[in-house]
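A quick write-up on the structure given underneath.
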Amino acid sequence: MRSPAIVEIFHIFLIMLILDESKSSVLEEQTFQKIFEYIDSHQDQFVKTLKDWVAVESDSIQPELRKEIIRMIEKAAKHLEDLGATVKVAEISTQQQLDGQNIPLPPAILANLKKDPAKPTVCFYGHVDVMPAKKADGWETEPYNLTEISGNLYGRGASDNKGPVLAWINTVATFKELNIDIPVNIKFLLEGMEEAGSLGLEELIKENKAFFSDVDYIVISDNTWLSNNKPALTYGTRGNACFAVKVEGGEKDLHSGALGGIVHEPMADLIALLDSLVNSSGYILIPGIYDNVAPLTHEERKLYEPITFNLSEYKDNVGVKTFLYNNKDEILLHLWRFPSLSIHGIEGAFHESGIKTVIPSRVIGKFSIRQVPHMNLTAVESQVKQHLEDIFSRRKSPNKLTVSMQMGAMPWIANINDLQYKAAGKAIKRVFGKDPDMIRDGSTIPIARMLQDITKKSVMMFPIGAADDGEHSQKEKISRSNYINGTKVFAAFLLEISKLHGESLETSNLKTVT
Ligand code: MN
Ligand code: MN
């Protein structure tokens, strides 16, 4: 229901009085209101587009669905072209090897929405591929048929990441439809292989450095808030170093009745090695591993105080009754800014049900360390190797030990004093009426670090999904309100960043003059 005109006039009058500012801020308020009203009144259309996107099974894990990703990329490219963007569908040269077969990778999108050198340039990154989903996996709805139940839009990719990508596109469409000049230049980098590890993306970014050269701010909207209701901005992610520790005994598996008691069993060696890594309090026992962890400053500690974190809601979301820590701060600190070590599995072990009295001849333990700034991958690798070799040598086992680091991804940290964090904070306050939680993410999102390293630009993670969106699960959803308010908050962000960017230029010009 629209408010009567008299109320609206009074509202504007009140704003004028309170702000006691020039006509321009009233105009600005009107611009925000016009944009928000448009987004509200066109929400069904935005939901319909999301349904259309979710209907494409752009699963990047199963190679036979590669053509669907290509179809999805074409759909997104068409969408951006219709909005007036210059779109480059960039072929990714790398091919994926599967069973000796070369499978081509889908192209990525580099799009450009006008070019005014006087304005700052914001580049948005997102992905249009999804994790696999089948009704038979336990979905209550058809995963590729976006279904609305009690204000939630269920479907694969609804939150990860088609909804947020579309929220950005809806924002552009809103400005265009309202004939309001977008106050910044916008670029889009959209890929179709994120869930499979962003294959070929690093090369693509390096090959297209020129595309990023005039970018001022990079925004990624591919994670979620910490809570179900309070918005958040993410300024850091942990890295990941994955290890394989192999213990080899004789040439073949042995019978435990025939040989048990006279051989050095590889599995016993491996269990001892794995057991030496971390204690029951979650403390990593590898000597030196904490040496390079950045000290926790007072300012940083203070960021944790206002964070809304409902421990019981969180426990429900993850399905765990008891954690290693029982208060908010300790839990968040150990998730985000301290390293952790997890043991994942043992290759070569007998793992089926029933009994098999075997002594496996060769077993490989798998574990990983989520590292944080300023841990150094090379140092972590040598500390791990040194530690395992020390433990192994104490066992005086004749078996053969091999330790290898199979993958290493670096942590990422942003400066929360960057203008774009301030602008996003203002946009969030305007749309949601509260300040965002300033959060990190315990998992590894290599794209943030990759974009930061290659382009040297400020990167921000600006999520619009809620903590219970169930990304990758059989209940993936985005709520209608998060999707629509997410569209509004992106629009508000564009207005705020253009203002702050302009002000900062004025200040720096003044400084140069005086
Ligand atoms: Mn994602
Ligand atoms: Mn994902």
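Heads up: the sequence shown begins at 1320 in the numbering used here, then just goes up one per residue.
Backbone N, C-alpha and C fix where the C-beta goes; we use that ideal spot for every residue, glycine too.
I'd like to confirm something about D1479: is its beta-carbon nearer than 7 Å to some heavy atom of ligand 2, or not?
For D1479, the shortest C-beta to heavy atom distance toward ligand 2 is below 7 Å.
How close, in whole Å, do the beta carbons of K1704 and I1537 come, if the pair is a contact with beta carbons under 8 Å?
At roughly 36 Å, the Cβ-Cβ gap does not stay under 8 Å, so K1704 and I1537 are not in contact.
Could you tell me whether the segment 1720-1738 touches the segment 1694-1708, where touching means 3 or more Cβ pairs closer than 8 Å?
With the cut-off at 8 Å, the segment 1720-1738 and the segment 1694-1708 touch.
Closer than 7 Å: D1541 CB and nearest ligand 1 heavy atom
D1541 Cβ: within cutoff of ligand 1.
Looking only at its chain, what residues have a beta carbon closer than 7 Å to the beta carbon of L1622, apart from the 5 residues adjacent to it on each side?
Taking C-beta separations shorter than 7 Å and ignoring five residues to either side along the sequence, the partners of L1622 in its chain run M1757, following chain order.
May I ask which residues mark the beginning and end of the alpha helix (DSSP H) holding R1714?
Residues 1696-1714.
Could you tell me how far apart the beta carbons of S1687 and S1661 are, in whole angstroms, since I believe they sit closer than 8 Å?
Between S1661 and S1687 the Cβ distance is about 6 Å, and since that is below 8 Å, they are a contact.
Three-state secondary structure (DSSP) at W1458?
DSSP places W1458 in the coil class of the three-state scheme, outside both helix and strand.
Between E1795 and ligand 2, is there a pair consisting of the residue's CB and a ligand heavy atom that are separated by less than 7 Å?
Result no, Cβ not under 7 Å from ligand 2.
Does any heavy atom of ligand 2 sit closer than 7 Å to the C-beta of H1670?
It does not: the Cβ of H1670 is nowhere closer than 7 Å to a heavy atom of ligand 2.
Among the residues of its own chain, which have a CB less than 6 Å from the CB of K1807, if the five just before and after it don't count?
Within its own chain, the residues whose Cβ lies closer than 6 Å to the Cβ of K1807, once the five positions on either side in sequence are excluded, are F1355, I1358, V1750, listed in chain order.
Using only alpha-carbon positions, find the residue among D1401, I1747, L1545 that is nearest to K1495.
Selected option, being the one with the closest Cα: D1401.
Buried or exposed for L1814, please, with buried defined as at least 16 other CB atoms from any protein chain shown within 10 angstroms of its CB.
Residue burial annotation: L1814 is buried, with at least 16 other C-beta atoms found within 10 angstroms of its C-beta.
Just checking, does the segment 1481-1488 make contact with the segment 1821-1829 on the three C-beta pairs under 8 Å criterion?
Touching, no, given that fewer than three Cβ pairs across the two stretches are closer than 8 Å.
The alpha helix (DSSP H) that contains Q1739, what's its start and end?
Element bounds for Q1739: 1738-1751.
Can you tell me whether E1822 sits near ligand 2, meaning its C-beta is under 7 Å from at least one heavy atom of the ligand?
The answer is no for E1822.
Sort out for me which residues DSSP pairs H1670 with in a bridge.
Its beta-bridge partners do not exist; DSSP assigns none.
Got a sec: does ligand 2 put a non-hydrogen atom nearer than 7 Å to the Cβ of E1514?
Because some heavy atom of ligand 2 lies under 7 Å away, the Cβ of E1514 counts as near it: yes.
Considering only the alpha carbon of each residue, which of T1774, T1350, W1731 lies closest to Y1554?
Closest in alpha carbon position to Y1554, among T1774, T1350, W1731, is W1731.
DSSP beta-bridge partners for A1563?
Bridge partners of A1563: K1685, S1723.
Touching or not, the segment 1590-1604 and the segment 1684-1698, by the rule of three or more beta carbon pairs under 8 Å?
The way I'd put it, the segment 1590-1604 does touch the segment 1684-1698; three or more beta-carbon pairs between them come closer than 8 Å.
Unbroken stretches of the beta strand (DSSP E), 3 residues or longer, contained in the segment 1609-1675
Those beta strand (DSSP E) runs which fall completely within the segment 1609-1675 and span 3+ residues are 1659-1666.
Helix, strand or coil for W1487? Go by DSSP, reduced to three states.
DSSP places W1487 in the helix class (H, G or I) of the three-state scheme.
Please return the same chain residues whose Cβ sits closer than 8 Å to the Cβ of K1528, not counting the five positions on each side in sequence.
Its chain contains I1773, T1774 as the residues whose beta carbon lies nearer than 8 Å to that of K1528, once the 5 sequence neighbours on both sides are disregarded; these appear in chain order.
Using 10 angstroms around the beta-carbon of V1639, count the other beta-carbons present and answer buried if the total reaches 16, otherwise exposed.
Around the beta carbon of V1639, fewer than 16 other beta carbons lie within 10 angstroms, which makes this residue exposed.
Would you say E1570 touches ligand 2, meaning its beta carbon is less than 7 Å from a heavy atom?
Every heavy atom of ligand 2 is 7 Å or more from the Cβ of E1570, so no.
Cβ pair D1572, S1680 closer than 8 Å
In this structure, the beta-carbon distance from D1572 to S1680 falls below 8 Å.
How would you write the range of the beta strand (DSSP E) that L1402 sits in, first residue to last?
Secondary structure note for L1402: it is in no beta strand (DSSP E), with a DSSP letter that is neither H nor E.
What separation, rounded to the nearest whole angstrom, lies between the Cα atoms of N1548 and V1566?
In a straight line, the C-alpha of N1548 is about 48 Å away from that of V1566.
What are the boundary residues of the beta strand (DSSP E) that L1545 is part of?
Taken as a continuous stretch (DSSP letters only), L1545 belongs to no beta strand (DSSP E), as it is neither H nor E.
Can you grab the Cα-Cα spacing for the pair T1833 / L1819, in whole Å?
Its pLDDT being 49, under 50, T1833 is placed unreliably in this model, and the coordinates cannot settle the point.
Tell me, to the nearest whole angstrom, how far the beta carbon of Y1802 is from that of L1509; I am working on the premise that it is less than 8 Å.
The beta-carbon separation of Y1802 and L1509, rounded to 18 Å, does not stay under the 8 Å limit for a contact.
Alpha carbon to alpha carbon, how far is P1483 from P1436?
Those two C-alpha atoms are separated by around 27 Å.
Nonlocal neighbours in the same chain, by C-beta distance under 7 Å from A1742, ignoring five residues either side
Answer for A1742: F1812, E1815, I1816, L1819, listed in chain order.
Once the 5 residues before and after I1325 are set aside, which same chain residues still bring their CB inside 7 Å of it?
Cβ within range, chain order: n/a, list empty.
Using 10 angstroms around the beta-carbon of Q1364, count the other beta-carbons present and answer buried if the total reaches 16, otherwise exposed.
With a threshold of 16 other beta carbon atoms within 10 Å, Q1364 falls short and is exposed.
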